[in-house]
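**Student:** Protein chains in written order, with the working numbering: chain A, 8 to 303; chain B, 1114 to 1242.
Got a structure for you, questions after.
Following this line, the structure appears as structure tokens:
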């Protein structure tokens, strides 16, 4: 699929960016999952003109609006983002490829913590949130990956290159058949279940599940949700600050040409009104930039 | 090195450290071979354990460089590539990067795991001075 503007994130910032970009008559695709948006489970009562509304209703209406203006929606997680000469190449969890002239990062902020006993105590001593950073420390050791979505699948597959045993602990899986198939062709062992606590002394020695089962592991990789804006920015070579915030100018431009960011990932307050406002600015400017590029 | 020479060397290092003349103004690349000397040379030392493929480590790079300038004379900063210096990584049981190891008077006194803002690091280090 070739488009002018690819927007990553199906929350309020991404959808507003899609509405504004599509109204400028450029070809727009929005990728992601609305259910991953923080708005999906929120009740809204501090947004201009709306006394009270359910976040999921606003998202549904926003998706319909974006489509009405001509944007295409692809409800899949993005697992790769790269720049190849003047084009951005995006790969989704179903191996779909999208090529875009401009990209808008609007994935919000990813929830990374599992919130089980032992998680905080053993951070850096067996507990990790980044398989690509820390996988190498677990050569020939047994590890568990916890998560239901694309980040967990990617992490589990990657860790098979290092670990002697990879357990993928999950509740209800929300990954594409393609990713599941990739994982099933490896030594990943599927473990349906709910983590209860991470055990250890100096470092991790095991993982207890709520149903009483125990896994002997030396590493626990928490990999919730999908790859976020911060990780995708890093793949492009854009450097967020250490809190994960992506710096943008008043036009929502990042440090890389034709890459924009909007919403929670650019800073606080993490509010619907700010996300929508920035979405409009990013969508407008990305569309304008594509038009200018065509002229030059 | 005989005992007298060792005392002289220690004194030389103490004088250099107290005058601030020897304090690095940028993060120094340390390795398995010289990390022991480095952490003993200054009162407070922070070692940034990192690897080139680690995104959050890259995010920390500019923060460490800026703090090395700002805190010159108070804290010495080192960078240890864990991929090339696995002996040290194993010695300090590094299992996640970035990990920041903090030494005071040559002894490991704290370790902070994960990327964190400059202000947070600066506040934590000030508290150790």
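Every residue gets a Cβ at the ideal spot worked out from N, C-alpha and C, and that includes glycine.
At 8 Å on the CB atoms, spell out the chain A contacts of residue 1244/B, in chain order.
**Tutor:** Only positions 1114 to 1242 of chain B appear in the structure, and residue 1244/B is not among them; the question remains open.
**Student:** By DSSP, does residue 103/A sit in helix, in strand, or in coil?
**Tutor:** If DSSP states are grouped into helix, strand and coil, residue 103/A belongs with coil.
**Student:** Could you give the C-beta distance for residue 1238/B and residue 1225/B, rounded to a whole number, given that I count them as a contact under 8 Å?
**Tutor:** With a Cβ gap of about 10 Å, residue 1238/B and residue 1225/B do not count as contacting.
**Student:** In whole angstroms, what separates the C-alpha of residue 184/A from that of residue 176/A?
**Tutor:** Approximately 17 Å, taken between the alpha carbons.
**Student:** What is the residue span of the alpha helix (DSSP H) that residue 1233/B lies within?
**Tutor:** First-last of the alpha helix (DSSP H) with residue 1233/B: 1231-1239.
**Student:** Mind listing the chain D neighbours of residue 1208/B? Cutoff is C-beta to C-beta under 8 Å, in chain order.
**Tutor:** Reference to chain D is not applicable here, since the protein chains of this structure are A and B.
**Student:** Note down, in chain order, each residue of its chain lying with its Cβ closer than 6 Å to the Cβ of residue 1143/B, except the 5 sequence neighbours on either side.
**Tutor:** Cβ neighbours of residue 1143/B beyond the five flanking positions: 1151, 1191, 1193.
**Student:** On the DSSP bridge list, what partners appear for residue 1217/B?
**Tutor:** Per DSSP, 1157/B, 1220/B.
**Student:** Skipping 5 residues on each side, what residues in its chain have a beta carbon closer than 7 Å to that of residue 171/A?
**Tutor:** Cβ neighbours of residue 171/A beyond the five flanking positions: 147, 148, 149.
**Student:** Starting from residue 1189/B, follow the beta strand (DSSP E) in both directions and report where the run begins and ends.
**Tutor:** Looking at the DSSP string, the run of the beta strand (DSSP E) that includes residue 1189/B is 1189-1194.
**Student:** Whose CA, out of 287/A, 8/A, 31/A, lies closest to the CA of residue 295/A?
**Tutor:** It is 31/A.
**Student:** Using only the alpha-carbon positions, how far apart do residue 107/A and residue 97/A sit?
**Tutor:** Approximately 8 Å, taken between the alpha carbons.
**Student:** Using beta-carbon positions only, say whether residue 12/A and residue 115/A come within less than 8 Å of one another.
**Tutor:** Contact flag unset, no.
**Student:** Could you check the C-alpha separation between residue 1137/B and residue 1189/B for me, to the nearest Å?
**Tutor:** Straight-line Cα distance between these residues: approximately 6 Å.
**Student:** Do residue 100/A and residue 86/A have their C-beta atoms within less than 8 Å of each other?
**Tutor:** Their beta carbons are under 8 Å apart, which means residue 100/A touches residue 86/A by this criterion.
**Student:** Less than 8 Å between the C-beta atoms of residue 62/A and residue 39/A, yes or no?
**Tutor:** No, they are not a contact pair.
**Student:** Look up residue 1165/B in the DSSP assignment and say whether it is helix, strand or coil.
**Tutor:** Of the three classes helix, strand and coil, the one that applies to residue 1165/B here is coil, per DSSP.
**Student:** Just list the alpha helix (DSSP H) runs in the stretch 142-228 of chain A, keeping only unbroken ones of 4 residues or longer that don't cross its boundaries, in chain order.
**Tutor:** Complete alpha helix (DSSP H) runs here, min 4: 157-166, 184-191.
**Student:** What does residue 291/A touch in chain B if you count any residue whose Cβ is under 9 Å from its own?
**Tutor:** What residue 291/A touches in chain B: nothing, since even the nearest Cβ is about 29 Å away.
**Student:** Can you give me the Cβ contacts of residue 19/A inside the same chain, cut-off strictly under 6 Å, excluding the 5 residues immediately before and after it?
**Tutor:** Only 46, 279, 282, 283 meet the Cβ criterion.
**Student:** Where residue 1118/B and residue 261/A are concerned, what is the direct C-alpha to C-alpha distance, given to the nearest angstrom?
**Tutor:** Rounded to the nearest angstrom, the two C-alpha atoms are 56 Å apart.
**Student:** Decide if residue 258/A is buried, meaning its Cβ has at least 16 other Cβ atoms within 10 Å, or exposed.
**Tutor:** With fewer than 16 other Cβ atoms within 10 Å, it is exposed.
**Student:** Which word fits residue 1165/B, buried or exposed, when buried means at least 16 other C-beta atoms lie within 10 angstroms of its C-beta?
**Tutor:** Exposed is the call here.
**Student:** How do the stretch 152-171 of chain A and the stretch 78-94 of chain A stand: do at least 3 beta-carbon pairs fall below 8 Å, yes or no?
**Tutor:** Yes, since at least three Cβ pairs between the stretch 152-171 of chain A and the stretch 78-94 of chain A fall closer than 8 Å, the two stretches touch.
**Student:** Along chain A, in chain order, which residues have C-beta atoms closer than 7 Å to that of residue 1169/B?
**Tutor:** Neighbours of residue 1169/B on chain A, chain order: 137, 140.
**Student:** Using the rule of at least 16 other Cβ atoms within 10 Å of the residue's Cβ for burial, across every protein chain shown, is residue 58/A buried or exposed?
**Tutor:** Counting Cβ neighbours within 10 Å, residue 58/A comes out exposed, since fewer than 16 surround it.
**Student:** Is residue 152/A near the ligand GTP - that is, is its Cβ less than 7 Å away from at least one heavy atom of it?
**Tutor:** With respect to the ligand GTP, the structure offers nothing, as it holds no ligand at all.
**Student:** So, is the C-beta of residue 1184/B closer than 8 Å to a C-beta in chain A?
**Tutor:** Not one chain A Cβ lies under 8 Å of residue 1184/B.
**Student:** Could you work out which residues of chain A lie near residue 1165/B, taking near to mean beta carbons separated by less than 7 Å?
**Tutor:** Going along chain A, no residue has its Cβ under 7 Å from residue 1165/B, so there is no contact; the nearest lies around 11 Å.
**Student:** Name the chain A residues whose beta carbon is nearer than 9 Å to that of residue 1176/B?
**Tutor:** Per Cβ cutoff of 9 Å: 248, 249.
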